[in-house]
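**Student:** The structure under discussion is supplied below as structure tokens; questions concerning it will follow.
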Amino acid sequence: MNVPFSDFTQMHAEIRPALNEAIARVVDSNYFIGGEEVSAFERAYADYVGVRHCIGCGNGLDALHLILRAMEIGAGDEVIVPAHTFIATALAVTYAGATPVYADVEPDTYCLDPDRLEKAITPRTKAIMVVHIYGRIGRFDEIEAIAKKHGLPIIEDSAQAHGALYKGRKAGSLGVASGFSFYPGKNLGAFGDAGAVTTNDDTIAEKVRILSNYGSKEKYAHILKGVNSRLDPIQAAVLSVKLHSLDRWNDARSEIADAYLAALKDCGAVLPKQDQNVKNVWHIFPILVENRAELMAHLKANGVQTLVHYPVAMHLHAAYRELGYHVGDFPVAERIAAQEISLPMFYGLTDGQLETTVSAIRTFMQKDR
Ligand SMILES: *Cc1c(COP(=O)(O)O)cnc(C)c1O
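Per this note's numbering, the very first residue in the sequence shown carries number 1305; after that it's consecutive.
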């Protein structure tokens, strides 16, 4: 049996007529930048997240970068970023002209470790960027207490956490502002690149909107040095259709995760920890094993495709050599980078595909002991 890492077939089959109708509506409107399709999605997504503002933009990296620019964080400033995340989190800081300063993540949540955070704060620190990695929120209360103590704003990178909850509050509503990506493979994915900023802060919202549209509110009146990073109506129309099903798709991912957790219990792999304060939306189902390459090869031989998110810890990327970090600086992030495997996780994964994946893992782990 073939088990792909991800597959949109069932997801899109179920909403095909609505998607076709939405795309046709945009074509018929003769309107391809901005307009009512974009505003309608922005309102719907702000309501979904539970915030006053949602501003569509080109992608998740831009969303984070635009937030930092709107907050006037730039040259000479530092932003704390977890040592385990996708490179975009740090690149957004670099784009803004500031410097990313890494802090290690926790072994239980893989999110920013509040116990490591405080040591990374310096007089130049201007914000803390939390990342809800793999679809779950970390120890937010503790991070917020440290942020308050130091008078620092928290920015959320919610690119993997559409619909995730922390004590009943949605990802995207916890910090001063949040960046979302609608990259096709995310839990809420467009048919290309797309992103958004969510916030309750009127000033940040207004500035993000201006910055994302060439620094102008009125055509040709450029009051800031902005960029071109807008959500296309065609993507907005697709996202509006998909948003109706997001909770249902997240629930299906949750069932798959529960089945993995039950079936892989005691097999020797490190499994994700559950936390009753947190609703995980399982963007990724990560396991940690010591012999990753061998297990991935064994799974591949059994028709199961797996991926690694991500094989290099942030502080060890060649692109950031100038920051001067070394191997051993962030041991938890380095361990995840060395041992993580992402199992197949998508709406429509069948019981048979799950069983194939699980039994291949169990066979390998037994032999390996
Ligand atoms: C996907 C992702 C991004 C960037 O989103 P793009 O839309 O690809 O620019 C940022 N942060 C994290 C954690 C992501 O997973």
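Idealized CB from N, CA, C, for every residue including glycine. Small disclaimer: the values here were computed from a predicted structure and weren't measured.
Assuming I1441 and A1475 are in contact, meaning their beta carbons sit under 8 Å apart, how far apart are those beta carbons, in whole angstroms?
**Tutor:** If you number the sequence shown from 1, residue 1441 lands on position 137. If you number the sequence shown from 1, residue 1475 lands on position 171. Sure, about 6 Å apart at Cβ, within 8 Å.
**Student:** In chain order, what residues of the same chain have a beta carbon less than 7 Å from the beta carbon of I1377, not counting five sequence neighbours either side?
**Tutor:** Taking the first residue of the sequence shown as position 1, residue 1377 is located at position 73. For I1377, where only same-chain residues beyond five positions count, the Cβ hits under 7 Å are V1383, A1400, A1402, K1430, A1431.
**Student:** Please report the distance separating the alpha-carbon of T1398 from that of P1404.
**Tutor:** In the sequence shown, residue 1398 corresponds to position 94, counting from 1. In the sequence shown, residue 1404 corresponds to position 100, counting from 1. If you take the alpha carbons of T1398 and P1404, they lie about 7 Å apart.
**Student:** CA-CA distance, A1498 and D1506?
**Tutor:** Numbered from its first residue, the sequence shown carries residue 1498 at position 194. Numbered from its first residue, the sequence shown carries residue 1506 at position 202. Cα to Cα, the separation comes out at about 22 Å.
**Student:** Any heavy atom of ligand 1 inside 6 Å of the beta-carbon of G1499?
**Tutor:** The sequence position of residue 1499 within the sequence shown is 195, counting from 1. Judged by the Cβ position, G1499 qualifies as a neighbour of ligand 1 at the 6 Å threshold, a heavy atom of the ligand being closer than this.
**Student:** Once the 5 residues before and after N1584 are set aside, which same chain residues still bring their CB inside 6 Å of it?
**Tutor:** Taking the sequence shown and counting its residues from 1, one reaches residue 1584 at position 280. Excluding sequence neighbours, N1584 sits near G1439, R1440.
**Student:** Look at the Cβ atom of A1541, then the Cβ atom of V1353, and state whether they are nearer than 7 Å.
**Tutor:** As a first step, residue 1541 is located in the sequence shown; it is residue number 237 there, counting from the start. As a first step, residue 1353 is located in the sequence shown; it is residue number 49 there, counting from the start. No. Outside cutoff.
**Student:** Let's test the definition: count the other Cβ atoms within 10 Å of the Cβ of F1668 and tell me whether it reaches 16, buried, or not, exposed.
**Tutor:** Residue mapping note: residue 1668 aligns to position 364 of the sequence shown, counting from 1. Answer is buried; the Cβ neighbour count reaches 16.
**Student:** At the level of alpha carbons, what is the spacing between G1496 and P1488?
**Tutor:** Mapped onto the sequence shown, residue 1496 falls at position 192. Mapped onto the sequence shown, residue 1488 falls at position 184. Taking the straight line joining both Cα atoms gives about 6 Å.
**Student:** Return the chain-ordered list of same chain residues with a C-beta closer than 7 Å to the C-beta of L1365, the five sequence neighbours on each side being excluded.
**Tutor:** The count along the sequence shown starts at 1 and reaches residue 1365 at position 61. Same-chain partners within the cutoff: A1392, L1395, A1396.
**Student:** Within 6 Å: the Cβ of T1389 and any heavy atom of ligand 1?
**Tutor:** In the sequence shown, counting from the first residue as 1, residue 1389 sits at position 85. Distances taken from the Cβ of T1389 to the heavy atoms of ligand 1 include one shorter than 6 Å.
**Student:** Just checking N1463 against ligand 1 - is the residue's beta carbon closer than 6 Å to any of the ligand's heavy atoms?
**Tutor:** By 1-based counting over the sequence shown, the position of residue 1463 is 159. Per the sequence shown, the amino acid found at residue 1463 is Ala instead of Asn. Yes; taking the cut-off as 6 Å, the Cβ of A1463 has a heavy atom of ligand 1 nearer than that.
**Student:** For T1426, is the classification buried or exposed, using 16 other Cβ atoms within 10 angstroms of its Cβ as the cut-off for buried?
**Tutor:** Counted from its first residue, the sequence shown places residue 1426 at position 122. Answer is exposed; the Cβ neighbour count stays below 16.
**Student:** Does any residue of chain C have a CB that is nearer than 7 Å to the CB of T1393?
**Tutor:** Structure shown: chain C not included; a single protein chain is present.
**Student:** Does at least one heavy atom of ligand 1 sit under 6 Å from the Cβ of A1400?
**Tutor:** Reading the sequence shown from its first residue, position 96 is the one you call residue 1400. Not so, every heavy atom of ligand 1 lies at least 6 Å from the Cβ.
**Student:** Cβ of A1481 versus every heavy atom of ligand 2: is any distance shorter than 6 Å?
**Tutor:** As presented, the structure is devoid of ligand 2, carrying ligand 1 as its sole ligands.
**Student:** Can you name the residues that DSSP bridges to P1590?
**Tutor:** Position 286 of the sequence shown, counted from the first residue, corresponds to residue 1590. For P1590, which the question treats as bridged, DSSP gives the partners S1646.
**Student:** Pop quiz: G1652 and D1419 are said to be a contact at Cβ under 8 Å. What is the actual Cβ separation, rounded to whole angstroms?
**Tutor:** As a working note, residue 1652 is residue 348 in the sequence shown. As a working note, residue 1419 is residue 115 in the sequence shown. Their Cβ separation, rounded to whole angstroms, is 40 Å, which puts G1652 and D1419 out of contact at 8 Å.
**Student:** Can you tell me where the alpha helix (DSSP H) with P1537 in it begins and where it stops?
**Tutor:** One-based indexing of the sequence shown puts residue 1537 at position 233. Taken as a continuous stretch (DSSP letters only), the alpha helix (DSSP H) holding P1537 covers 1537-1547.
**Student:** Answer with buried or exposed for G1339, where buried requires no fewer than 16 other C-beta atoms within 10 angstroms of its C-beta.
**Tutor:** By 1-based counting over the sequence shown, the position of residue 1339 is 35. G1339 comes out exposed.
**Student:** Excluding five sequence neighbours on each side, which residues of the same chain lie with their C-beta closer than 7 Å to the C-beta of D1633?
**Tutor:** Sequence index remark: in the sequence shown, residue 1633 carries index 329 (1-based). Cβ neighbours of D1633 beyond the five flanking positions: H1619.
**Student:** Could you compute how far the alpha carbon of F1336 sits from the alpha carbon of K1471?
**Tutor:** Numbered from its first residue, the sequence shown carries residue 1336 at position 32. Numbered from its first residue, the sequence shown carries residue 1471 at position 167. Rounded to whole angstroms, the separation of the alpha carbons of K1471 and F1336 is 39 Å.
**Student:** Tell me, to the nearest whole angstrom, how far the beta carbon of I1359 is from that of V1531; I am working on the premise that it is less than 8 Å.
**Tutor:** For the purposes of this step, residue 1359 is taken as residue 55 along the sequence shown, with counting starting at 1. For the purposes of this step, residue 1531 is taken as residue 227 along the sequence shown, with counting starting at 1. Actually they are not in contact, since the Cβ atoms of I1359 and V1531 sit about 13 Å apart, beyond 8 Å.
**Student:** Within 10 angstroms of the Cβ of D1536, are there 16 or more other Cβ atoms? Answer buried if so, exposed if not.
**Tutor:** As a first step, residue 1536 must be located in the sequence shown, where it is residue number 232. The residue is buried, with at least 16 neighbouring Cβ atoms inside 10 Å.
**Student:** N1554: buried (16+ other C-beta within 10 angstroms of its C-beta) or exposed?
**Tutor:** For the purposes of this step, residue 1554 is taken as residue 250 along the sequence shown, with counting starting at 1. The residue in question, N1554, is buried, as its Cβ has 16 or more Cβ neighbours within 10 Å.
**Student:** Apart from the five residues on each side of it in sequence, which residues of its chain come closer than 6 Å, Cβ to Cβ, to F1309?
**Tutor:** Translated into the one-based positions of the sequence shown, residue 1309 becomes position 5. Excluding residues within five positions, the ones whose Cβ falls inside 6 Å are Q1609, L1611, P1648.
**Student:** Here's the rule: buried if 16 or more other CB atoms are within 10 angstroms of the residue's CB, otherwise exposed. What is T1389?
**Tutor:** Position 85 of the sequence shown holds residue 1389. When all chains shown are included, T1389 counts as buried.
**Student:** Rounded to the nearest angstrom, what separates L1547 and L1492 at their Cα positions?
**Tutor:** Counting from 1 along the sequence shown, the entry for residue 1547 is found at position 243. Counting from 1 along the sequence shown, the entry for residue 1492 is found at position 188. When rounded, the distance between both Cα atoms is 7 Å.
**Student:** Rounded to a whole number of angstroms, what is the C-alpha to C-alpha distance between E1460 and Q1657?
**Tutor:** Here residue 1460 refers to the residue found at position 156 when the sequence shown is read from its first residue. Here residue 1657 refers to the residue found at position 353 when the sequence shown is read from its first residue. If I take the Cα positions, the gap works out to 34 Å.
**Student:** So, is R1557 buried or exposed, given that buried needs 16 or more other C-beta atoms within 10 angstroms?
**Tutor:** If you number the sequence shown from 1, residue 1557 lands on position 253. With 16 or more Cβ atoms within 10 Å of its Cβ, R1557 is classed as buried.
**Student:** What are the residues that DSSP puts in a beta bridge with L1469?
**Tutor:** On the sequence shown, residue 1469 is found 165 positions in, with the first residue counted as 1. According to DSSP, which records beta bridges pairwise, L1469 is partnered with K1474, K1583.
**Student:** What residues are listed by DSSP as bridge partners for C1361?
**Tutor:** Numbered from its first residue, the sequence shown carries residue 1361 at position 57. Looking at the DSSP assignment, C1361 forms a beta bridge with G1499.
**Student:** Within a Cβ cutoff of 6 Å, which residues of the same chain sit near N1306, ignoring the five residues on either side of it in sequence?
**Tutor:** For the purposes of this step, residue 1306 is taken as the residue at position 2 of the sequence shown. For N1306, where only same-chain residues beyond five positions count, the Cβ hits under 6 Å are G1607.
**Student:** Cα separation between A1641 and S1533?
**Tutor:** In the sequence shown, the residue the question calls residue 1641 occupies position 337. In the sequence shown, the residue the question calls residue 1533 occupies position 229. One C-alpha to the other measures close to 31 Å.
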